[in-house]
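Using the working numbering, you'd call the opening residue of the sequence shown number -17 and step up by one each time. No residue lacks a Cβ here, since even glycine has one placed at the ideal position from N, Cα and C. Notes for the one structure printed next.
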Amino acid sequence: MAFGIDDAITAASSLIKDGIDKIWPNPSDEAAAKVALMKAQADAAIAQLDAANRAANAEAASSDPWTSRARPSFLYLMYLMVLISVPMGVLSAFAPDVAARVTVGMKAFLASIPTDLWNVFLGCFAVYSGGRTWEKVRGVAK
């Protein structure tokens, strides 16, 4: 199991909270220290979001054509995978044994795609289609 920055922040916060409980027996001092800890946690979360935002903005502002084509290409690939099911339905009507073998192969192929990649696809698709809908509603795009 991999540990990320969130796990490190949680562990450090827990350690600091335990230290605060032992060092400051006075409730008002303890409350002030806990407020400072919560502020530090919020600042760490904001810094993490800011770093992700800067990375996304840098990618969007990139003049590299491969960067701007990456998301649409990924979506087109996934669309293709979904659209392959249509001729498979027709094939199963004429050659069920061939369709069954192809289906087993496709099922094995699709099962080999990591869940995280499917989640990325669904997230990209939701953002892309939501953004396009918003542009059309505002009259920016046709």
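What residue range does the alpha helix (DSSP H) around P96 cover? P96 -> no alpha helix (DSSP H), and no H or E assigned at all.
Give the secondary structure of S45 by DSSP, where H, G and I count as helix, E and B as strand, and everything else as coil. coil
Give me the Cα-Cα distance between D0 and V84, rounded to the nearest whole angstrom. 58 Å
Quick check: the Cα distance between V109 and I(-13), rounded to an integer number of angstroms? 25 Å
CB contact flag (A26, I(-9), <8 Å): yes
Taking 8 Å as the threshold (C-beta atoms), are L57 and C106 in contact? yes
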